[in-house]
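To start, the structure under review is shown below, and the notes come after it.
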Ligand SMILES: Nc1ncnc2c1ncn2[C@@H]1O[C@H](COP(=O)(O)OP(=O)(O)OP(=O)(O)O)[C@@H](O)[C@H]1O
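Numbering (UniProt numbering), first residue to last: 1 to 336.
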């Protein structure tokens, strides 16, 4: 069942020099019990996409396209309806748990807050004290002892704080969770624990999740499907299992090649860097935005901006070389 459907989404920030196109025609879906990963280099539009789903962008931002949550048009919602939807139908976990928690309030009070504001009428009426049991359960469900409800954020480790943020996101039992770089600034072991926790929430509770990370190797282990973004566009979308090992788009390939393969000591493949930088959104090259950095670019790539098209069963990629049986497909094959 489709929970979230994003169709031809464009997001432009209003800046002094005009409009900065951060997201340029993105189509994505997230189903119940499914994790969709969104990967890409810094500045490609991942966080903008995440914030757009719950309309958390600055008021001056221009948003076009369609975002449906349970079939309901999010961009057309009244503020009252949007307020009811946030936390209870969809919630967001941002990067950097310390900045997301209020340092002068106890953890338990902060978890109770969204329930008091957005929970069921009975929960709202019952008040803060009656929620102590529920807060304890939420903390235990993310692996933090219930007595930590009495602690302040600075008394917890970074990993525990991130778990508290996840408990807050779960507080009103939403069907959709958007996690924006939830493990940034955590060490590798804690990162793995938090990712395992997110995965278990999806399998045990059946929530849908959009998981944003620049780390394709992490996403490939946790997600069902992954979308790779470049310069505000999705350039490849497909099953996580194949995307990391057998990407179709030259950028997705390069991104996958930039990470070591965990557990694959046999191949001893050294991570490969990708020369050059992503384009500035106000100065995008003509044609495919990746062509100046692409090892298999041809003349056509400088003029033709190919949209996502079928690349293999269940996979789509936006590249002139993809979906065609020709020399160009061979060129792409040689990149492997
Ligand atoms: N509030 C804003 N006003 C103007 N431009 C913005 C704003 N927020 C983001 N941008 C620009 O929009 C583009 C996309 O930024 P965004 O933060 O969505 O990328 P990202 O992929 O999430 O990057 P990172 O991985 O570094 O968080 C960038 O060029 C960024 O500079």
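Ideal Cβ positions, reconstructed from N, Cα and C, are used throughout, including at glycine.
Nothing here was measured: the structure is a model prediction, and the numbers come from that model.
message: Tell me the rounded alpha-carbon separation between residue 231 and residue 177.
response: For the purposes of this step, residue 231 is taken as residue 231 along the chain shown, with counting starting at 1. For the purposes of this step, residue 177 is taken as residue 177 along the chain shown, with counting starting at 1. Their backbone Cα atoms lie some 24 Å apart in a straight line.
- prompt: Just to check, is the beta-carbon of residue 78 closer than 6 Å to a non-hydrogen atom of ligand 1?
  reply: Within the chain shown, residue 78 is the residue found at index 78, counting from 1. No, ligand 1 has no heavy atom inside 6 Å of this Cβ.
- prompt: Mapping DSSP to helix, strand and coil, what is residue 303?
  reply: The sequence position of residue 303 within the chain shown is 303, counting from 1. Looking at residue 303 - three-state DSSP - the assignment turns out to be coil, as it is neither helix nor strand.
- request: Please go through the same chain and pick out, in chain order, the residues whose beta-carbon is closer than 7 Å to the beta-carbon of residue 336, but skip the five residues on each side of it.
  value: Numbered from 1 along the chain shown, position 336 holds the residue referred to as residue 336. Residue placement at residue 336 is poorly supported in this model, since its pLDDT is 49, which falls under 50; the coordinates are not used for a value here.
task: Could you check if residue 14 is buried or exposed, using at least 16 other CB atoms within 10 Å of its CB as the buried criterion?
output: Reading the chain shown from its first residue, position 14 is the one you call residue 14. Under this definition residue 14 is an exposed residue.
- prompt: Beta carbon of residue 46: closer than 6 Å to some heavy atom of ligand 1?
  reply: Within the chain shown, residue 46 is the residue found at index 46, counting from 1. For ligand 1, at least one heavy atom lies less than 6 Å from the Cβ of residue 46.
- prompt: What's the C-alpha gap between residue 18 and residue 6?
  reply: Sequence index remark: in the chain shown, residue 18 carries index 18 (1-based). Sequence index remark: in the chain shown, residue 6 carries index 6 (1-based). So the two alpha carbons sit approximately 25 Å from each other.
- prompt: Does the distance from the C-beta atom of residue 213 to that of residue 240 stay below 7 Å?
  reply: In the chain shown, counting from the first residue as 1, residue 213 sits at position 213. In the chain shown, counting from the first residue as 1, residue 240 sits at position 240. No.
field: Contact test: residue 22 Cβ vs ligand 1 heavy atom, cutoff 6 Å
entry: In the chain shown, the residue the question calls residue 22 occupies position 22. Yes, Cβ of residue 22 sits closer than 6 Å to a heavy atom of ligand 1.
field: DSSP three-state assignment for residue 76, whether helix, strand or coil
entry: Position 76 of the chain shown, counted from the first residue, corresponds to residue 76. Note: residue 76 maps to coil in three-state DSSP.
query: For the stretch 228 to 253, which segments carrying the beta strand (DSSP E) assignment without a break, of at least 3 residues, lie completely within its bounds, in sequence order?
result: 233 to 239
message: So, with DSSP's three-state summary, where would you put residue 3?
response: On the chain shown, position 3 is the one that residue 3 refers to. In this structure, residue 3 counts as strand in the three-state DSSP scheme.
- request: Count the other C-beta atoms from every protein chain shown that fall within 10 angstroms of the C-beta of residue 168, then say buried if there are 16 or more, exposed otherwise.
  value: If you number the chain shown from 1, residue 168 lands on position 168. The residue is buried, with at least 16 neighbouring Cβ atoms inside 10 Å.
Run of the alpha helix (DSSP H) containing residue 109, from where it starts to where it stops: Numbered from 1 along the chain shown, position 109 holds the residue referred to as residue 109. 107 to 118 is the extent of the alpha helix (DSSP H) around residue 109.
- request: In the DSSP assignment, find the unbroken beta strand (DSSP E) run with residue 22 in it and report its ends.
  value: Here residue 22 is taken as the residue at index 22 of the chain shown, counted from 1. Element bounds for residue 22: 18 to 31.
message: Is residue 182 close to ligand 1? I mean its beta-carbon at under 6 Å from any heavy atom of the ligand.
response: Start at 1 with the first residue of the chain shown, and residue 182 comes out as number 182. Result no, Cβ not under 6 Å from ligand 1.
field: At least 3 beta-carbon pairs within less than 8 Å: the stretch 125 to 144 vs the stretch 109 to 117
entry: yes
Residues sharing a beta bridge with residue 280, DSSP: Mapped onto the chain shown, residue 280 falls at position 280. BP columns for residue 280 are empty, so no partner.
message: Can you find the residues in the same chain that come closer than 8 Å, C-beta to C-beta, to residue 201, ignoring five residues on each side of it along the sequence?
response: Within the chain shown, residue 201 is the residue found at index 201, counting from 1. 166, 170, 177, 207, 209.
query: Which residues in the same chain have their Cβ closer than 6 Å to the Cβ of residue 32, if we skip the five residues on either side of it in sequence?
result: Taking the first residue of the chain shown as position 1, residue 32 is located at position 32. So the qualifying residues of the chain are 1, 3, 206, 208.
message: Pairs of beta-carbons, one from the stretch 136 to 155 and one from the stretch 102 to 109, closer than 8 Å: are there three or more?
response: yes
query: Between residue 222 and residue 199, is the Cβ-Cβ spacing less than 7 Å?
result: Walking along the chain shown from the start, residue 222 turns up at place 222. Walking along the chain shown from the start, residue 199 turns up at place 199. It is a contact, given that the beta carbons lie within the stated cut-off.
query: Between residue 151 and ligand 1, is the CB less than 6 Å from at least one heavy atom?
result: As a position in the chain shown, residue 151 is number 151, starting the count at 1. It does not: the Cβ of residue 151 is nowhere closer than 6 Å to a heavy atom of ligand 1.
field: Contact belief for residue 235 with residue 318 at Cβ below 8 Å, rounded distance in angstroms
entry: If you number the chain shown from 1, residue 235 lands on position 235. If you number the chain shown from 1, residue 318 lands on position 318. Going by Cβ atoms, the distance from residue 235 to residue 318 rounds to 5 Å, so yes, they are a contact pair.
- prompt: Say the cut is 6 Å; is the CB of residue 278 nearer than that to a heavy atom of ligand 1?
  reply: For the purposes of this step, residue 278 is taken as the residue at position 278 of the chain shown. It does not: the Cβ of residue 278 is nowhere closer than 6 Å to a heavy atom of ligand 1.
query: Once you ignore the five residues that flank residue 257 on each side, which residues in its own chain have a CB closer than 6 Å to its CB?
result: On the chain shown, position 257 is the one that residue 257 refers to. Same-chain partners within the cutoff: 272.
field: Proximity to residue 67 [Cα-Cα], best of 110, 181, 321, 26
entry: For this step, residue 67 is matched to residue 67 along the chain shown. That would be 26, whose Cα lies nearest to the Cα of residue 67.
field: Cβ pair residue 186, residue 143 closer than 7 Å
entry: What you label residue 186 is simply residue 186 of the chain shown in a count that begins at 1. What you label residue 143 is simply residue 143 of the chain shown in a count that begins at 1. No.
message: Using C-beta distances below 7 Å, list every residue in its chain close to residue 195, excluding the 5 sequence neighbours before and after it, in chain order.
response: Against the chain shown, residue 195 aligns to sequence position 195. Excluding positions up to five away in sequence, the list reads 183, 218, 222.
task: Examine ligand 1 and report whether any of its heavy atoms sits within less than 6 Å of the Cβ of residue 15.
output: Numbered from 1 along the chain shown, position 15 holds the residue referred to as residue 15. Under cutoff, so the answer is yes.
task: Would you tell me roughly how many angstroms separate the C-alpha atoms of residue 84 and residue 55, rounded to the nearest one?
output: Residue 84 sits at position 84 when you count from the first residue of the chain shown. Residue 55 sits at position 55 when you count from the first residue of the chain shown. Whole-angstrom Cα-Cα distance: 13 Å.
field: Beta-carbon separation (whole angstroms), residue 92 vs residue 50, contact threshold 8 Å
entry: On the chain shown, position 92 is the one that residue 92 refers to. On the chain shown, position 50 is the one that residue 50 refers to. Indeed, because the Cβ distance is near 7 Å, the residues count as touching under 8 Å.
query: CB of residue 42 to nearest heavy atom of ligand 1: below 6 Å?
result: Working through the chain shown from its first residue, we reach residue 42 at position 42. Within the cutoff, so yes.
- request: Report the three-state DSSP secondary structure of residue 339 (helix, strand or coil).
  value: Look at the range of the chain in this structure, 1 to 336, and you will see that residue 339 is not part of it.
- request: Just grab the DSSP bridge partners of residue 179 for me.
  value: Locating residue 179 in the chain shown gives position 179, where the first residue counts as 1. 93, 211, per the DSSP bridge assignment.
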